[in-house]
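Chains A and B, in that order, give the protein sequences.
Reading the first sequence from the start, the letters are residues 860 to 1183 in this note's numbering.
Reading the second sequence from the start, the letters are residues 51 to 498 in this note's numbering.
Below you'll find the structure, written out as structure tokens, and then a few comments.
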Amino acid sequence: MRDPSFPHRHLLGIEGLNSAEINYLLDLSERYVDLNRGAQKTSTILSGRTIVNLFFENSTRTRTSFELAAKRLGANVINMQVETSSVSKGETLIDTAVTLNAMHPDVLAVRHPDSGAVKLLADKVNCGVVNGGDGSHEHPTQALLDALTIRRRKGKLNGLLVAICGDVLHSRVARSNFLLLLTMGARVRIIAPRTLIPSNVDRMGVEVFTDMAAGLKDADIVMMLRVQNERMRGSFIPSIREYFHFFGLDHEKLKQAKPDALIMHPGPMNRGVEIDSDVADDVERSAIREQVEMGVAVRMAVLEVLAKNSMSHNADDTLGRTGT
Amino acid sequence: MSVAKPGRVAYINARVLDPATNRDAPGEVLTSGEEIVEISTKLFDGKLPADVEVVDCDGMCLAPGLVDMRVQLREPGEEHKESLKSAGEAAVASGVTTMVCLPNTNPIMDDEPTLEFVARRARLLALTKVYCYGAITKGLQGKELAEMGLLAEAGALAFTDATRAVADAQVMRRALQYGATFGLMIVQHPEEPTLATGVMNAGEIATRMGLSGIPREAEIIMLERDIRLVAMTGGRYHAAHISTADSVEIIAKAKADGLKVTCDTAPFYFALNELSVSDYRTFAKLSPPLRADEDRRAIVEGLKSGVIDAIASDHAPQDSDSKRLPFPQAAFGGSGLETLLAVSLDLYHNGDMTLLDVIRRLTSAPAALLGLEAGRLAKGSKADLIIFDPNQGWKVIADKFKSKSKNSPFDGRPVQGRVLRTVIDGRTVFDALPNQPAQPAAKRAAKA
């Protein structure tokens, strides 16, 4: 039987989750924070189970975080880094899914540069799949770890004013975050030049600002997004210099936010591009290192729930179904 | 700067024209230092204090100084064609007290230092006030956005790639989006470059002359595309020098649809048609090209109805080496500053528009588009004003221009309307006003 508090086979995105399910995952993650801070960091809850990290895009921190989470739960972990340079990506992806499925893993943690690719793969396997980031679509474990960080610092999510600033157009982190925060009753603002604001994003419930000072006014949380260098050479933004001048977070702009506003960044940071080093390293206000710690705890919670649901799924389902 | 600070000056017996307040009535204006301090029917009830310098306008028109929103000044880079000094002298003699120059200088105004160079040089010359457009794209190449935010902070009023259209639709889309981020206006030279490979208006005349044509559709297609992008992005868009009847319709519809769209035209396009290029007159080779007479008449109608917001000189000085060439090889562009007022007044003399409305298109309307505190007579505003005789006839003789370049398509044309005095920040910078009453000695010295 699946976990009644989280009856999903996969975690492909925040979209579709309700606040009870999100809270359930966050509560479970809380317990793992305690475990991780103790001397004995290992549990045996997933002993004998197999977790595969399947990454079609370079990643160090997310992959390491998933790997560590799986190991601390006592699972066997395999890391697969797959080159995506092949012309027929779709075919490769489905072939890979079928191959992996035959090895009976319990959970796949998948990252892919194309939006929707993780769902395509999930449709073809019998195990649980957690989305480790797909294109510009979703990155649900990042949103969960951000929510956990905020909840621990502020005691709640409901009613907070969160400003998400930067390249919202290309950011899966931004999408998952505002979907989660809105579901939990927070107010979300996005701040960016109009070239980096997705069309009709206001219809999804966020408030749109193009002026950083106005957008940061009275914010409880300031969430900065990474801006890719190749987007800073005239296509979306004229230059790094101009971007930092208008949209880089420094102490001056930060004065608009609440005095105890928390600063977050999903990493890796471009110091001097979207965030000033002084702000990033401000121990009083920056939660950037804490976000990394919460990442492991959240991924432990997600892997535990999905592995358990996967076991029930395999038992319930007809044997030998390959899902092609 | 060692310019003597002017005292109080009373401009009396004037026909005061102020489009911003719809004033067209006999009246008087008092300035003190750099500012206008009083506008009334009769200053001091006719008893002028002894320390006030008196300028008797003798029934002539007194209006805000002209705001010319589109000039090419060629400095830095092509000082043999024009310089800030020669253009400044031409401008003050023509009643232009504010002008906005295009960024197609060398170096191009896509960075702050070039912008600041021009602003500083113009300030030192103390002639017409010069503002700049910033480039939309780096090097006017139409590919990568220039630092519009920083340029705006350095004083760029709006953005344009000057005489080049932003042809790539994705770049135009992002320019409008990025401009909207900071509330900046994007000014387009509306011409699809792949259609605009000719040298004059496409049609029968071009065919007879054996010249390659630029179809009207080059302008129409680009405007229609841009309007779609404005609707999509919510950007602020201004079409420069529109020249076809369809363009007027397109802009009228965009305005009716509530889009942030405006436009201007130049005297060339309401005063001349494609027949001006007969005899292969390269001075009439302009960009966009002079069109058919139906188009010219539609431009007049657009000015009357207000669809066309402003008149700009589109001053494009070219030296004789660039123009004394076979027609296809000659440079585009016409000198426009020194005929701006007189040719625009055709619209008044022909009975198409009131004098006040013509002056509006040359003053308060362009100032409003650019967010400039200029082009109006108001208490506390800068004393930038002109005295002119709307009826005085003269003949355009390009050789007598103060501008370094003489490439006027109006050369030899009889016109009506002459500037008699130009005042900037209370200082008289051009004076042809006859028969002034004796002044207090101190004031005469200050005036000199």
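Cβ coordinates follow ideal geometry from the N, Cα and C atoms, glycine included.
Since this is a predicted model, take the numbers as computed values, not measurements.
- Exposed is the label assigned to residue 375 of chain B, since fewer than 16 other Cβ atoms lie within 10 Å of its Cβ.
- In the three-state reduction of the DSSP assignment, residue 440 of chain B falls in the strand class.
- Between residue 350 of chain B and residue 302 of chain B, the gap from beta carbon to beta carbon reaches 8 Å or more.
- Annotation for residue 112 of chain B: the continuous beta strand (DSSP E) segment containing it runs 111-114.
- A direct Cα-to-Cα measurement between residue 1081 of chain A and residue 1009 of chain A gives close to 11 Å.
- Contact annotation: the segment 313-324 of chain B touches the segment 384-399 of chain B, with at least three C-beta pairs closer than 8 Å.
- Judged by their CB atoms, residue 390 of chain B and residue 317 of chain B are nearer to each other than the 8 Å cut-off.
- Between the beta-carbon of residue 456 of chain B and that of residue 385 of chain B there is about 7 Å, and that keeps the pair under the 8 Å contact cut.
- The closest CA to that of residue 90 of chain B, considering only B:137, B:148, B:77, is found on B:77.
- Going by C-alpha positions, residue 315 of chain B is about 22 Å away from residue 469 of chain B.
- Assignment of residue 59 of chain B by DSSP, reduced to helix, strand and coil, places it in the strand class.
- Interface with chain B (8 Å Cβ-Cβ cutoff): residue 1030 of chain A is excluded.
- In this structure, residue 1129 of chain A lies away from residue 1090 of chain A, with their beta-carbon atoms at least 8 Å apart.
- Membership of residue 929 of chain A in the alpha helix (DSSP H) is indicated by the continuous run 920-931.
- Residue environment analysis places residue 103 of chain B among the buried positions, since at least 16 neighbouring C-beta atoms fall within 10 angstroms of its C-beta.
- Burial state of residue 1110 of chain A is exposed, judged by a 10 Å Cβ sphere holding fewer than 16 other Cβ atoms.
- Around the beta carbon of residue 170 of chain B, fewer than 16 other beta carbons sit within 10 angstroms, so the residue counts as exposed.
- Listed by position along chain A, the residues whose Cβ is nearer than 8 Å to that of residue 224 of chain B are 1054, 1094, 1095.
- Rounded to whole angstroms, the separation of the alpha carbons of residue 967 of chain A and residue 886 of chain A is 23 Å.
- Here residue 940 of chain A carries a strand assignment [DSSP, helix/strand/coil].
- Following the DSSP letters along the chain, one finds residue 148 of chain B inside the beta strand (DSSP E) bounded by residues 146-151.
- For residue 1101 of chain A, at least one C-beta of chain B is nearer than 8 Å to its own C-beta.
- Within the segment 151-168 of chain B, no residue has its Cβ closer than 8 Å to any Cβ of chain A.
- Taking CB atoms only, residue 995 of chain A has no neighbour in chain B less than 8 Å away.
- In this structure the segment 56-64 of chain B does not touch the segment 907-916 of chain A; the number of beta carbon pairs closer than 8 Å is below three.
- Within the model, the alpha-carbon separation for residue 122 of chain B versus residue 68 of chain B is close to 27 Å.
- About 7 Å separates the Cβ atoms of residue 1026 of chain A and residue 1087 of chain A, confirming a contact at the 8 Å cut-off.
- Assigned with DSSP and collapsed to three states, residue 82 of chain B falls in strand.
- Given a length threshold of 3 residues, each whole run of the beta strand (DSSP E) inside the segment 1099-1145 of chain A is given here in chain order: 1121-1123.
- Residue pairing by DSSP puts residue 287 of chain B in a beta bridge opposite B:236, B:311.
- In this structure, the alpha-carbon of residue 116 of chain B lies about 17 Å from that of residue 466 of chain B.
- Around the CB of residue 963 of chain A, fewer than 16 other CB atoms lie within 10 Å, so the residue is classed as exposed.
- A check of alpha carbon separations from residue 407 of chain B across B:437, B:373, B:359 identifies B:359 as the nearest.
- One finds 199, 200, 231, 232 in chain B with Cβ atoms closer than 9 Å to the Cβ of residue 1105 of chain A, taken in chain order.
- Chain B has a Cβ within less than 8 Å of the Cβ of residue 1098 of chain A.
- Residues of chain B whose Cβ lies closer than 7 Å to the Cβ of residue 1069 of chain A are, in chain order, 231.
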